[in-house]
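Worksheet: the structure to be examined is printed underneath.
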Amino acid sequence: MSLVISGPLTRGRVTELHAELTRLGASPGDVELDVAGVTEADSAGVALLATFARRLEGESRKLVLTRIPPNLEKTLRLFPAVGDEVQKVAPKKALFESVGERSLEGFVVAAEFVMLCADTVFFAVTGLFRRRGTRWDAVLYEMSAMGSRALGVVGLISFLVGGTMALQSAAQLRQFGANVFVADLIGISMTRELGPLMAAIVVAGRSGSAVAAEIGTMVISEEIDALKTMGLNPTRFVVVPKAIAITITQPLLTVLANLAGLFGGFLVAVTYLDVSPDAFMGRLQEAMKMKDLLTGLIKSVVFALLIVTVGAICGLRTRGGADAVGRSTTTSVVAGIFAVIMADAVASLVFYFGD
Numbered sequence: 026m027s028l029v030i031s032g033p034l035t036r037g038r039v040t041e042l043h044a045e046l047t048r049l050g051a052s053p054g055d056v057e058l059d060v061a062g063v064t065e066a067d068s069a070g071v072a073l074l075a076t077f078a079r080r081l082e083g084e085s086r087k088l089v090l091t092r093i094p095p096n097l098e099k100t101l102r103l104f105p106a107v108g109d110e111v112q113k114v115a116p117k118k119a120l121f122e123s124v125g126e127r128s129l130e131g132f133v134v135a136a137e138f139v140m141l142c143a144d145t146v147f148f149a150v151t152g153l154f155r156r157r158g159t160r161w162d163a164v165l166y167e168m169s170a171m172g173s174r175a176l177g178v179v180g181l182i183s184f185l186v187g188g189t190m191a192l193q194s195a196a197q198l199r200q201f202g203a204n205v206f207v208a209d210l211i212g213i214s215m216t217r218e219l220g221p222l223m224a225a226i227v228v229a230g231r232s233g234s235a236v237a238a239e240i241g242t243m244v245i246s247e248e249i250d251a252l253k254t255m256g257l258n259p260t261r262f263v264v265v266p267k268a269i270a271i272t273i274t275q276p277l278l279t280v281l282a283n284l285a286g287l288f289g290g291f292l293v294a295v296t297y298l299d300v301s302p303d304a305f306m307g308r309l310q311e312a313m314k315m316k317d318l319l320t321g322l323i324k325s326v327v328f329a330l331l332i333v334t335v336g337a338i339c340g341l342r343t344r345g346g347a348d349a350v351g352r353s354t355t356t357s358v359v360a361g362i363f364a365v366i367m368a369d370a371v372a373s374l375v376f377y378f379g380d
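Under this note's numbering, residues 26 to 380 are what the sequence shown spells out, in order.
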């Protein structure tokens, strides 16, 4: 059985609605209430629903509310006991409605992302010309957290990648007696692609998640709202120090990744491919150009800005409790790595056709 309730769900209508619910409850089966037309509700109206729900539960039946409007949703949240007794069924959305909502949300997130990027760059640049424009103590702390503490994992991963790549290419190069060309392969691929990419992926998983978790916690604890109340821009005081720090440290981590990867390839070439150290270094110097190194460094700066901005936007969009911080952290890692790979693909096309 079902009933449509419209208008106010308040004390003045309790007697009328109680009679309707009693009549409806006399019929067998679960009871469904369409409350889309409810304009307002108070404690008396919610208590009526709770009492009716408990009565049905005693008869092994259920009360189901459908199409709950936002105003009634907020009122129900004030009465946890009612939420335990009443089951809410969300209306099924049409395909085009779902696609439209997701598209609109995507546009909103993209607009917020662009605005955050613009604000970050603006405050970072203008802060250089202001007496107290940049919190350099915070920048130094973030450089330590994002840079020096990531040296070990970035170096180890890049070393293993370089060695593995040289080892995998050895079988093919040996067929043509071209073992020495492993230096060309390792040098160009590490400096142009794998070095910046490996460093960025590690930092996105390590520092990007930390940025999202920190800012998300500040949102949940209303620290961001407190900054706004005091007339302070959260982007300037929270995001900009992280952006400056990662922009400085990411190219340095990329250089470390390049060196570690080259060293890994060097060890494999010398020990497994019987390439002399002099021959390896000679081919490396001949194959690599300054443009290869600069390409990787330019990519690293772009990756750094993407990582910190994605982490910040995920943190600022955190809503809810502690579980929401976890979801924002997970989203920041996935979105950050995806953004880095997409940017790397676009940059590779630009540099390839620009040569």
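From the three backbone atoms N, C-alpha and C, an ideal C-beta is built for every residue, glycine too.
> Nearest-angstrom Cα distance between P33 and S52?
Replying inline: Near 25 Å, if we compare the C-alpha coordinates of S52 and P33.
>> For L309, tell me which candidate among V327, N283 and A229 has the shortest Cα-Cα distance.
In response: Nearest C-alpha to L309: N283.
> Short check: CB of L330 to CB of A268, under 8 Å?
Replying inline: The answer is yes: Cβ separation under 8 Å.
> Which of helix, strand or coil does DSSP assign to V300?
Replying inline: Look at V300 here: in three-state DSSP terms it is coil, with no helix or strand label.
> Whose CA, out of A44, A237 and F291, lies closest to the CA of A398?
Replying inline: Since the first residue of the chain shown is 26 and the last is 380, residue 398 is not available in this structure.
> Starting from E65 and walking both ways along the beta strand (DSSP E), at which residues does that stretch end?
Replying inline: V56 to A66 is the extent of the beta strand (DSSP E) around E65.
> With distances taken between CB atoms, is the gap from T279 to P221 smaller than 8 Å?
Replying inline: P221 sits close to T279, with the two beta carbons spaced by under 8 Å.
> Heavy atom of the ligand MG less than 7 Å from the Cβ of F262, yes or no?
Replying inline: Annotation note on the ligand MG: not contained in the displayed structure, which lists no ligands.
> Per DSSP, which one or two residues make a beta bridge with L88?
Replying inline: According to DSSP, L88 bridges with V56.
>> Judging by CA-CA distance, which residue of T320, I213, S357 and M367 is the nearest neighbour of L287?
In response: Sorting T320, I213, S357 and M367 by C-alpha distance to the C-alpha of L287 places I213 at the top.
> Name the DSSP beta bridge partners of S31, please?
Replying inline: The secondary-structure analysis by DSSP pairs S31 across a beta bridge with G62.
> What separation, rounded to the nearest whole angstrom, lies between the Cα atoms of C142 and G346?
Replying inline: About 26 Å.
>> Just to check my reading of the structure: A237 and C339 have Cβ atoms closer than 8 Å, yes? What is that Cβ distance to the nearest angstrom?
In response: Beta-carbon to beta-carbon, A237 and C339 are separated by about 4 Å, close enough to satisfy the 8 Å threshold.
> Among residues of its own chain, excluding the 5 on either side of T35, which ones have a beta-carbon nearer than 8 Å to its beta-carbon?
Replying inline: Excluding residues within five positions, the ones whose Cβ falls inside 8 Å are E65, A66, D67, A69 and G70.
>> Pop quiz: T260 and D144 are said to be a contact at Cβ under 8 Å. What is the actual Cβ separation, rounded to whole angstroms?
In response: Going by Cβ atoms, the distance from T260 to D144 rounds to 4 Å, so yes, they are a contact pair.
> Near G180, which residues of its chain fall below 6 Å by C-beta distance, leaving aside the five closest residues on each side in sequence?
Replying inline: If we look at G180 and ignore the five residues flanking it on each side, its Cβ neighbours are L281 and A285.
>> Let me check understanding here. Comparing Cα to Cα, which of R199, L129 and R92 lies closest to I30?
In response: For the set R199, L129 and R92, the Cα lying nearest the Cα of I30 is the one of R92.
> With distances taken between CB atoms, is the gap from G187 to I211 smaller than 8 Å?
Replying inline: The beta carbons of G187 and I211 sit closer together than 8 Å.
> Mapping DSSP to helix, strand and coil, what is I93?
Replying inline: I93: coil per DSSP, three-state reduction.
> Apart from the five residues just before and just after V350, which ones in its own chain have a Cβ nearer than 7 Å to its Cβ?
Replying inline: Non-local beta-carbon contacts of V350 in its own chain, meaning distances under 7 Å to residues more than five positions away in sequence, involve A238, G241, T242, I245 and T343 in chain order.
> Taking the C-alpha atoms as reference points, what is the distance between L88 and G37?
Replying inline: In a straight line, the C-alpha of L88 is about 22 Å away from that of G37.
> Ordered along the chain, which non-local residues of its own chain (more than five positions away) have a Cβ less than 6 Å from that of F138?
Replying inline: In chain order, I338 place their CB closer than 6 Å to the CB of F138, counting only its own chain and leaving out the 5 sequence neighbours on each side.
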